[in-house]
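Some notes on the structure that comes next.
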Amino acid sequence: MNGGADGGADESPETVIELTEVNRIFASDPPVHALRGVHLTVRRGEHLSIVGASGSGKSTLLNTLGLLDRPTSGSYRLDGVETTGLGDSYRTSLRGSRIGFVFQSFHLLPYRTVEENVMLAEMYGKPSPARGRGGRRARAMEALERVGVGHRRGFRPDRLSGGERQRVAIARALISDPALLLCDEPTGNLDSENTHSILELFDELCGQGMTLVVITHDEVVSRRASRRVRITDGQLSEVAA
Ligand code: ADP
Ligand code: MG
């Protein structure tokens, strides 16, 4: 089950995330042991929610999964690739091609249209030669259609509802066709109606094979996940359904 007995070498392409005995110790004074012996396997199409009190290690875990931070010890396999020993430039390109980020604040540029906001993500993100500039507008439109806001492409963000803004931010994260979407309090700025609309979108994306990891304080949001884990003082535990 879940690797382990066979030495943890789970080569299944269906496994997107595999953390094995991950520790993160910040070398502050005093040192902070922010992740303690974390094991986590997430499969393609899974929707995992992470809950935990402030200071419990949620951001450290998300930064680790997003290749923005490196474990002090342990293993992190992303799509079968062991990432902990990779150099920074390889980690950066892996992040750009495999991972999308969604935050509580939408971080949309106010004087750009919805379509431009999504296209600009690729300009910052250095597209691979195979996906040149030519198709950028088409890819932006495809991502906007996928999240149901194609009809808003010419709008500025301030004319959109909160839920639509978050959909645009999600489209921006999807333009690179990532395997994994990491969301930090994605509904933190939304009322219940807009939250509901984003949760519907999450269901659709998982149905299409996207893998979602969502940090949330909202019980309604966390219950919508197919699986829930809690982090307490850097230690992970499964929450019963
Ligand atoms: P959460 O996101 O759940 O609020 P964090 O992952 O941000 O928690 O932090 C977990 C613990 O690690 C906290 O005690 C925090 O103070 C500490 N921490 C986070 N980042 C650093 C850092 N760069 N240096 C030292 N301690 C840190
Ligand atoms: Mg945090």
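Residue numbers (my numbering): 592 to 832.
Ideal placement from N, C-alpha and C gives every residue a C-beta, glycine not left out.
Which residues bound the alpha helix (DSSP H) around residue i?
{"i": "H833", "result": "In the structure as shown, the chain begins at 592 and stops at 832. Residue 833 is therefore absent and cannot be evaluated."}
{"i": "S828", "result": "Per DSSP, S828 belongs to no alpha helix (DSSP H); it is in the beta strand (DSSP E), 826-830."}
{"i": "V812", "result": "810-814"}
{"i": "R750", "result": "Per DSSP, R750 belongs to no alpha helix (DSSP H) and is neither H nor E."}
{"i": "G687", "result": "679-689"}
{"i": "R728", "result": "727-737"}
Roughly how many angstroms separate the alpha carbons of residue i and residue j, rounded to a whole number?
{"i": "V607", "j": "G754", "result": "28 Å"}
{"i": "T632", "j": "T778", "result": "24 Å"}
{"i": "Y667", "j": "R744", "result": "37 Å"}
{"i": "L792", "j": "T675", "result": "32 Å"}
{"i": "A831", "j": "M710", "result": "40 Å"}
{"i": "V613", "j": "T663", "result": "8 Å"}
{"i": "S783", "j": "S752", "result": "13 Å"}
{"i": "P622", "j": "H630", "result": "22 Å"}
{"i": "R787", "j": "A618", "result": "Per the sequence presented here, residue 787 reads as His, with Arg not at that position. Going by the C-alpha atoms only, they are around 41 Å apart."}
{"i": "Q799", "j": "V738", "result": "12 Å"}
{"i": "M801", "j": "V759", "result": "17 Å"}
{"i": "E768", "j": "R689", "result": "Checking the displayed sequence, the identity of residue 768 turns out to be Asp instead of Glu. Rounded to whole angstroms, D768 to R689 spans 7 Å at the Cα level."}
{"i": "D809", "j": "R815", "result": "10 Å"}
{"i": "C797", "j": "A644", "result": "26 Å"}
{"i": "G665", "j": "G671", "result": "15 Å"}
{"i": "D679", "j": "G726", "result": "28 Å"}
{"i": "E795", "j": "L626", "result": "31 Å"}
{"i": "F692", "j": "A712", "result": "11 Å"}
{"i": "G636", "j": "G687", "result": "20 Å"}
{"i": "E605", "j": "L653", "result": "20 Å"}
{"i": "R763", "j": "V804", "result": "17 Å"}
{"i": "R818", "j": "G628", "result": "20 Å"}
{"i": "R728", "j": "F746", "result": "15 Å"}
{"i": "I616", "j": "H624", "result": "4 Å"}
Is residue i a contact residue of ligand 2, with contact defined as CB to any heavy atom under 7 Å?
{"i": "S696", "result": "no"}
Looking at the secondary structure, which residues open and close the beta strand (DSSP E) in which residue i lies?
{"i": "T611", "result": "606-617"}
{"i": "A625", "result": "623-634"}
{"i": "V805", "result": "802-806"}
{"i": "S664", "result": "664-669"}
{"i": "L773", "result": "771-775"}
{"i": "T823", "result": "818-823"}
{"i": "L652", "result": "Premise fails: L652 lies in the alpha helix (DSSP H), 649-656, not in any beta strand (DSSP E)."}
{"i": "L639", "result": "638-642"}
Please tell me whether, using a cut-off of 7 Å, the distance from the CB of residue i to the nearest non-hydrogen atom of ligand 1 is below it.
{"i": "S647", "result": "yes"}
{"i": "V820", "result": "no"}
{"i": "V830", "result": "no"}
{"i": "V812", "result": "no"}
{"i": "S664", "result": "no"}
{"i": "F617", "result": "yes"}
{"i": "A625", "result": "yes"}
{"i": "G739", "result": "no"}
{"i": "G779", "result": "no"}
{"i": "G643", "result": "yes"}
Note to self: Beta-carbon distances below 6 Å to any heavy atom of ligand 2 define the shell here; list its residues in chain order, please.
What the structure shows: Cβ-based neighbours of ligand 2 within the cut-off: K649, S650.
Next item on the list: Please confirm if the region 771-788 is in contact with the region 650-664, defined as three or more CB-CB distances below 8 Å between the two stretches.
Entry: Enough Cβ pairs lie closer than 8 Å, so yes.
Checklist line | Meets three-Cβ-pair contact criterion under 8 Å: the region 817-827 and the region 643-650 | finding: Yes, the region 817-827 touches the region 643-650.
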